[in-house]
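Take a look at the structure set out below.
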Amino acid sequence: MSGIYTSLRSCFPCYMILLAIATLVVIYFISVLHKKHPQIFWTILITSAVVTIFGLTTQRFVLPRFLRAFSLLCGRSQTNVEWFVYDTDPRNDDFIKGNLNQRDMRILDRVLMQEKNLNNGMRLDSTTLNEHANYDPQIIDAYDRWRKCKDMRRSYHKSIYPDERRLYRYLRN
């Protein structure tokens, strides 16, 4: 139930439009179907009631995913913590993330992009790092962990800058 509530809340301005369109279509088909084929009407009505009850009680059903996709079409950005990938090795990725929440990961993304754009991939100095990390020790520690993974000489795995994530989207859970 919480998945549907989150999905509806994330697309707040758009779900009323979707609901109105769906209601009009359903009312039209109910009136046409009830007049022409009453047996099919009752079969569809009972089946839709069962599917609705199942859909509202199960979070893994299609409805929450559909509403989330609809909210993304309406311009909302809904990002999960799994979408923040910092390393192609899952162990190093968990090591880098540590206990960061979504807000802290966004700040870490900003710090990493500053490193890539301003310093051409070289380590930021402590003053610049503190300014961009808002003097938060958790973010500074996460940046140090990311640099530690970046500085390792590896042939198979690599550390990822935020703008390179689209190339590694298969790593998302």
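If you count the sequence shown from 1, you need to add 80 to reach the working numbering. Even for Gly, the Cβ is constructed at its ideal location relative to N, Cα and C.
Sequence-distant residues of its chain with Cβ nearer than 6 angstroms to T208 (five each side left out): none
Where does D167 sit, in a helix, a strand or coil, going by DSSP? Strand at D167.
Could you pull the DSSP bridge partners for S239 from this structure? D167
M81 - DSSP class collapsed to helix/strand/coil: For M81, the pLDDT reaches just 43, beneath the cut-off of 50, and the residue's location in the model is therefore unreliable, although a value from the coordinates is still provided. In the three-state reduction of the DSSP assignment, M81 falls in the coil class.
Could you say which of H212, N197, V191 lies nearest to W226 if we only look at CA atoms? V191
Under 9 angstroms, do Y248 and V165 count as touching if we go by C-beta distance? yes
Determine the DSSP secondary structure at N172, reduced to helix, strand or coil. Helix, per DSSP.
Quick one: Cα of D189 to Cα of T132, how far? 40 angstroms
Which stretch, first to last residue, makes up the alpha helix (DSSP H) that contains H212? 206 to 212
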